[in-house]
Each structure stands twice: as structure tokens, then as C-alpha cells.
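Take a look at the structure below.
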Amino acid sequence: MYKLSIKNLSKSYSNGVKALDNISIEISNGMFGLLGPNGAGKSSLMRTLATLQEADTGSAFLNDIDIFNEPNELRKVLGYLPQEFGVYPRITAEQLLNHLAILKGISNSRERKELVKYLLDKVNLYEKRNKSVKGFSGGMKQRVGIAQALIGNPKLIIVDEPTAGLDPGERNRFYNLLAEVGKEVIVILSTHIVDDVRELCTNMAIMNLGQIVYHGTPQNAIDELDGRVYQKMVPREELEVYAQNYSIISNKMVGGQPLIHISSETNPGEGFELIKPNLEDVFFSKINTSNTLV
Ligand code: ADP
Numbered sequence: 061m062y063k064l065s066i067k068n069l070s071k072s073y074s075n076g077v078k079a080l081d082n083i084s085i086e087i088s089n090g091m092f093g094l095l096g097p098n099g100a101g102k103s104s105l106m107r108t109l110a111t112l113q114e115a116d117t118g119s120a121f122l123n124d125i126d127i128f129n130e131p132n133e134l135r136k137v138l139g140y141l142p143q144e145f146g147v148y149p150r151i152t153a154e155q156l157l158n159h160l161a162i163l164k165g166i167s168n169s170r171e172r173k174e175l176v177k178y179l180l181d182k183v184n185l186y187e188k189r190n191k192s193v194k195g196f197s198g199g200m201k202q203r204v205g206i207a208q209a210l211i212g213n214p215k216l217i218i219v220d221e222p223t224a225g226l227d228p229g230e231r232n233r234f235y236n237l238l239a240e241v242g243k244e245v246i247v248i249l250s251t252h253i254v255d256d257v258r259e260l261c262t263n264m265a266i267m268n269l270g271q272i273v274y275h276g277t278p279q280n281a282i283d284e285l286d287g288r289v290y291q292k293m294v295p296r297e298e299l300e301v302y303a304q305n306y307s308i309i310s311n312k313m314v315g316g317q318p319l320i321h322i323s324s325e326t327n328p329g330e331g332f333e334l335i336k337p338n339l340e341d342v343f344f345s346k347i348n349t350s351n352t353l354v
């Protein structure tokens, strides 16, 4: 059983942006979704936990490893798939993984060979092992990224916006792989895509403006909103009026016409229909972007 405990973590950049504002959270085994709009501070949190940048204040422990004071101990048990997994060189998948395994300290060549074979197999790229990674599709590249993140049997796996640029099939395969890996260790999946979290994660947090604005299960968050979300198709030119009179959660175009979701304690009438809230409603109501959506 693993536990990641983050306490009072803050981080400001030299330009004055406070990317992490006193974050405290505990995360244990399984798939954990970190959801937030662009700019919320997700990558800053991921990079800080991956010991790629220093926090201003606060502490983080993975069981008894003091992440900020013993970064090398953490790196031994960390698998990290950054948002941009570098430039893919003109070498084969097998060569790349072999090289990265050397960098991760696996010096025995026979052990390394077996590990690389195991990883290629696990991410379903064994057949393509002799092909240059430069020519791989987005999904295949992400699978190489996951394979490298699994080198060294990590206990904490951090994947930052991993599904950007994947087609639906690739995304599904990627989900399945992560879910399998996530059974025994902590996997933190940082994303702005609500579906990623809904389909994969048992626990989640929502971040906005450097703070955690929700922490719990996706279902609990949905239950909290139950009975309060109404929808209506509205004429485009009346959006402004609706925005003034109702608390709009989201506004989506459906067949060229705006479909708005609002939050209301009582039935607003006026053709609004009570609906079962979904995780997207949770996301938008927690980050409270109603004013900027219309
Ligand atoms: P997210 O991953 O949720 O999109 P980030 O952690 O990348 O959020 O960014 C949080 C905030 O910090 C944003 O306002 C962003 O512009 C700012 N930021 C991120 N990295 C840097 C940096 N290296 N220097 C200055 N500001 C940064």
C-alpha cells in the first residue's frame, strides 16, 4: 500500500504567478485523476512531485520517502510521462527503451534485454520494436512513453495530459494499459479532459487557480449536484439574457444552437428540464467559469 501525502505546497514563478497555492492532499493506490482547466497548476504540481522543480514551501512524502529532501530516493521509484515526451529520435523503439533503461541504472545487459522485451510486449509494440519511433503514430509514441515510465518498477507513476492528440481507439488502448498498471501502485493522471477521469479514476481532485477545489470520488461529486442541474436549448441571441438571470454551468453548441446547463436550487420553469448531472457539470460548476462561457 502506498501513500502520497502533500502538505501546504506552494510555488510561485519569477513572473509572480502563484501556480500552487497551499495545496494539501493525500493520494493512495489506484488511478487518481487530477482535473483542471489549462493554467490551473496541474503541470506545476506534477513537475514538483517529479522533482523537476522546487517548491517554495511545503512537504511531500511517498510513504517514508521525503520527496523534496531525498529526490534521488523518489526518482528510483518514479515513472514520469511528461506532457511533451521529448523529441523522438531516429532510433528503434527497442534501442530507445534500452538506452533509457541504462539511464535509469539498469546496468546488467541481460536483465535490460529482458525488461525491454517485457515492456514492448506490455505496450503492444513488440512487433514494431525494430521500427524508428520517429515514424510512430501519436498513440504509439504515447505507448513508448508509458513503457519508459514503467522502467524500474515504479511505485508512483505520473502522466501529464497523456491523451492529447490520440484518436479514440488509441485512447481506449492507452486507458486499458494505465488501468492495468494502476492496480498496484499510485498513478496520477493529470488532464483537462473530463472523459479521461470519468472512465478511469476511482478518486479525483479538481484544481483551479493553483488550489484544490474538490477531492473525492467522481460519483460523490456528481451526487452533490443531483437535483440542481437543468438544461435548455436557447436562441443564440438570448444567451446574454440567460447569463444575467441564471447561474450557467456550461454552454455547448448542439446542432448549431446553444444548449445551456444551469444550476438552480428550485425549478426555474421557463422550459428548463431537470437532468442527471454528469462529471462535466461537476467540473464546470467547481471551476465556476459561468461568467466567461458566454
Ligand atoms: P496546467 O498544467 O494546469 O495547465 P501549469 O502548471 O502549466 O498549469 O501553469 C499554472 C500557471 O503557472 C499558469 O498561469 C502558467 O502560465 C504559469 N506557469 C507555468 N510554468 C511557468 C513558468 N515556467 N514560468 C512562469 N509561469 C509559469
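Number 354 marks the last residue of the sequence shown (this note's numbering); no jumps.
Even glycine gets a Cβ: it sits at the ideal position worked out from N, Cα and C.
In this text the structure is predicted, and so the values were computed from the model without any measurement.
Check residue i in the structure and name its three-state DSSP category.
| i | result |
| --- | --- |
| histidine 252 | coil |
| serine 103 | helix |
| lysine 312 | strand |
| proline 337 | coil |
| isoleucine 162 | helix |
| serine 323 | strand |
| glutamate 144 | coil |
| methionine 293 | strand |
| aspartate 181 | helix |
| isoleucine 83 | strand |
| methionine 200 | helix |
| proline 328 | coil |
| threonine 152 | strand |
| asparagine 129 | coil |
| glutamine 113 | coil |
| glycine 90 | strand |
| asparagine 348 | coil |
| glycine 118 | strand |
| serine 167 | coil |
| glycine 195 | helix |
| asparagine 305 | helix |
| asparagine 280 | helix |
Which residue from the options puts its Cα closest to that of residue i?
| i | options | result |
| --- | --- | --- |
| serine 72 | Asn184, Lys215, Gln271, Leu238 | Gln271 |
| isoleucine 248 | Gly93, Asn75, Ser84 | Gly93 |
| isoleucine 162 | Gln208, Gly315, Lys67 | Gln208 |
| leucine 112 | Asn129, Asn98, Gly96, Asn123 | Asn129 |
| glutamine 202 | Asp283, Phe344, Arg231 | Arg231 |
| isoleucine 309 | Lys102, Gly315, Asn338, Leu226 | Asn338 |
| proline 228 | Asp256, Gly315, Val241 | Asp256 |
| arginine 150 | Leu175, Val176, Glu133, Lys191 | Lys191 |
| glutamine 279 | Val273, Ser84, Thr262 | Thr262 |
| alanine 110 | Ser74, Ile66, Arg189 | Ile66 |
| serine 84 | Glu171, Val273, Ser169 | Val273 |
Indicate whether residue i and residue j have their beta-carbon atoms separated by less than 8 Å.
| i | j | result |
| --- | --- | --- |
| tyrosine 148 | valine 183 | no |
| leucine 105 | leucine 80 | yes |
| alanine 115 | threonine 108 | yes |
| aspartate 341 | leucine 285 | yes |
| isoleucine 218 | asparagine 268 | no |
| leucine 260 | alanine 239 | yes |
| asparagine 82 | asparagine 98 | no |
| tyrosine 178 | asparagine 123 | no |
| phenylalanine 196 | valine 254 | no |
| leucine 216 | valine 241 | no |
| arginine 172 | glycine 199 | no |
Quiz item: Quick one: any contact between the region 293 to 303 and the region 314 to 324, if contact means 3 or more CB pairs under 8 Å?
Solution: yes
Quiz item: Taking only runs of the alpha helix (DSSP H) that begin and end inside the region 203 to 278, which ones reach a length of at least 4 residues, in chain order?
Solution: 228 to 241, 254 to 260
Exercise. Please determine if the region 152 to 161 and the region 132 to 144 are in contact, where contact requires at least 3 C-beta pairs separated by less than 8 Å.
Key: no
Practice problem: Count the C-beta pairs between the region 235 to 247 and the region 84 to 99 that are closer than 8 Å, then say yes if the count reaches three, no if not. | Solution: yes
Exercise. Taking 8 Å as the threshold, find out whether the region 327 to 342 comes into contact with the region 284 to 301 through three or more Cβ pairs.
Key: yes
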